[in-house]
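So the structure is just underneath, and the comments pick up after that.
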Amino acid sequence: MSAEPQVMTNASSGDAHKSESDEQLQESEETVVRTRDETPPAATKPERLMTRRAYLEVTMGAFPGQRFYLGQCDHLIGRSQDVDIPLPDDSISRQHAKLEYRNDEFVLVDLGSKNGSYLNGTSVHECPLRAGDEIMIGNHALQFLFEAVLSPSK
Amino acid sequence: MLVKFWGTRGSIPTPGRLTEKYGGNTSCVEVRVADKLLIFDCGSGIRDLGISYFEEFGTTGIEAHIFISHTHWDHIQGFPFFPPAFVRGNTFYVYGTAARRESISSLLSGQMQPEYFPAKLDDMAASFHYRAFKDSVDLGGGLVVETAELYHPGMSHGFAIHWEGKKVIYATDNELNLGLKLKDEAAGYKAGYVDPRQTLMPHLIPFFQGADLVIADCQYTDEEYAHKATWGHASVSAVMTVMTLAQVKRLAIFHHDPLHSDRVVDEIVVEAKNYLLQNEIYIDTFGAREGMVLKI
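So, in C-alpha cells, the structure goes:
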C-alpha cells in the first residue's frame, strides 16, 4: 500500500453566502490524513499531559473553603493533629475515617468512629468516592472533587 | 452485620462512564454475619466478589451460602465466572425455591451447557450443596433467613436475614405496584392507593415490617412505570408506600435500570425523598452503589 499521504482541503465552492474572508480561511485550513505506516512529524515542543487531581474541600466546618489535596496514597481523617486531614471538632474521633487509595480510586472507610461517617447523608462503613460526593463527619462536611492539571513542560 | 453491594444493576451489565457512580454489574449482594458469608444472587457482580475472596482468604477453604431470588439472567449470569467455584476445597450451599418444578442445580446447569459456556456445572471443583427452600432457612446459631414470594413474572423471592434482633431484607424484582389497589385503574398505575394492607399479598407487610435495611427493587420513576407495568419491577411511589407502611428504617434503592445513567438514578432517589418529605416521614433512603458497604 502506498504511503503517499492524502491531502484534503475543506474549501468549498458554490456557497453564495460565504464571505471572501471565510473562503480564504477555509482554503488555508488543510487537513492531512496520514496513512497508518507513516511516522508522524516530531513534536516541536514536549507534550504536556492533562491529568486530574483529587481534593476534599471543606463546605461546612471550621475552615470553609479549605482544600486538602489527595496524593495517590491513603489519608487519615480525624480530630488528632497527627492525621493527614485534621479537623478540630469534638464530635469527630481522633482517627475517624480513612480515604483508601485502591485500584486507582479513593474509598471512604469509617474506622469504627463513635459518630459514624456519612456519604451524601447516609451512614456508610465503606464506599468508593465519585466527584461531587459529600462526606459528613461530625459537624464537618467535605466535598470530594477533582481539578484538571497540566503536567509541567520538560 | 456487614452488607456489601457487588452488583446493583438490573437486566444487563452496563459498564461505562455514565454508570460509574452506582455501578454497572448486575445483582449481587454479600452479607457477612455471624462469621458466615452469605451471597444474594449471582449477577455479574459475583465475579469481583470471588476475586476478593481469593485476595482475602486465599484460594481454598472458602465456605459461603448463596441464595438465588430467581433464575432470570441478571441474577445468575455471573455464576459461571465465580472463580472460587472452580477450586477444590471450597464449599458452597446454594438455595433456590422449592416452588419450581426444576431444581436450582438443574436451572444453573442450563446456562452452562456447551452451547452457551465451555465449562459445565460438574466441572466446578468446589463442593456444592443444593438446597430447596420453602419458608425459611435456619443457618444455625440463631441466624435465620426468612423467604417471601414477590411480584414478578415467573416468580422471584425475597430474603430477610434475622440476626440478634436485626433484620436486613434483600427483595428485588418485585413489582409492588401490582399488589396495590389503584384509585384509578383506567388511568394506569399511578400513586394514590387505597389501604395497601387490604391488597398486598398478606405476608408482605409483616415481611418488611420494621426492617433495619431493605434492599428494594425501585427501577422506575412513576412516569416510566406507566409504560412498563407488568414488567416485574416497581415504581418509586409504590415502593415508598409499602416501606412507609412497614416502617422500615433504611432503604437502598436497587436494581437500577440499564437505561438509567447515574443522573437518572440520582433523580429517582430525589423522587423517593420528596415522597417522604411530602408525607412527613423519615426513612434513610439512598441509591445502592457498587462497592458500598453498610454496617447494620
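Protein chains in written order, with my numbering: chain A, 1 to 154; chain G, 1001 to 1296.
Cβ coordinates follow ideal geometry from the N, Cα and C atoms, glycine included.
Quantities reported herein were computed from a predicted structural model and do not represent experimental measurements.
- Here the C-alpha atom of V58/A lies approximately 23 Å from the C-alpha atom of T51/A.
- A contact is defined here as three or more CB-CB pairs under 8 Å, and the stretch 1006-1015 of chain G meets this definition with respect to the stretch 1243-1263 of chain G.
- Judged by DSSP in its simplified three-state form, L1150/G adopts coil rather than helix or strand.
- Two segments are said to touch when three or more pairs of C-beta atoms, one from each, lie closer than 8 Å; by this definition the stretch 1140-1147 of chain G does not touch the stretch 1223-1231 of chain G.
- By a beta-carbon distance limit of 8 Å, G61/A contacts H140/A. Their separation comes to about 3 Å.
- Contacts with chain A at 8 Å (Cβ-Cβ) include D1284/G.
- Counting only unbroken stretches of 3 or more residues, the beta strand (DSSP E) elements lying wholly within the stretch 1168-1254 of chain G are 1213-1217 and 1250-1254, in sequence order.
- Counted as a single uninterrupted DSSP element, the alpha helix (DSSP H) harbouring H1075/G occupies residues W1073 to I1076.
- The CB of R130/A comes closer than 7 Å to the CB of E1020 and K1021 in chain G, given here in chain order.
- Judged by DSSP in its simplified three-state form, S1052/G adopts helix.
- For G1089/G and G1078/G, the gap between their C-alpha atoms comes out near 21 Å.
- Beta-carbon to beta-carbon, G1050/G and P1083/G are separated by about 4 Å, close enough to satisfy the 8 Å threshold.
- Scanning the stretch 32-107 of chain A from its first residue to its last, the whole beta strand (DSSP E) runs of 3-plus residues come out as 50-60, 67-70, 75-78 and 97-102.
- Interface with chain G (8 Å Cβ-Cβ cutoff): C73/A is excluded.
- The contact set of M1243/G on chain A, defined by CB atoms closer than 8 Å, is empty, because the minimum CB distance reaches about 15 Å.
- Under a criterion of Cβ atoms nearer than 7 Å, the residues of chain A adjacent to L1294/G are, in order, V124 and H125.
- Fully enclosed alpha helix (DSSP H) runs of no fewer than 4 residues occupy 1104-1110 of the stretch 1085-1161 of chain G, in order along the chain.
- Here the alpha carbons of F146/A and G132/A stand approximately 9 Å from one another.
- Per DSSP, A1272/G is one residue of the alpha helix (DSSP H) stretching across D1262 to Q1278.
- Distance from the CA atom of L1277/G to the CA atom of F1133/G, rounded to whole angstroms, is 39 Å.
- Under the three-state reduction of DSSP, I135/A is assigned to strand.
- Separation of T1199/G and P86/A (C-alpha to C-alpha, rounded to the nearest whole angstrom) is 54 Å.
- With a cutoff of 8 Å on beta-carbon distance, S117/A and R48/A are scored as not near each other.
- Cβ contact annotation for R53/A (same chain, cutoff 7 Å, sequence separation greater than five): Y69, F146, E147 and V149, in chain order.
- Residue nearest to G1024/G within the set L1108/G, T1147/G and G1291/G is G1291/G (criterion: CA-CA distance).
- According to DSSP, S117/A shares a beta bridge with I137/A.
- As a beta-bridge residue in DSSP terms, S123/A pairs with Y118/A.
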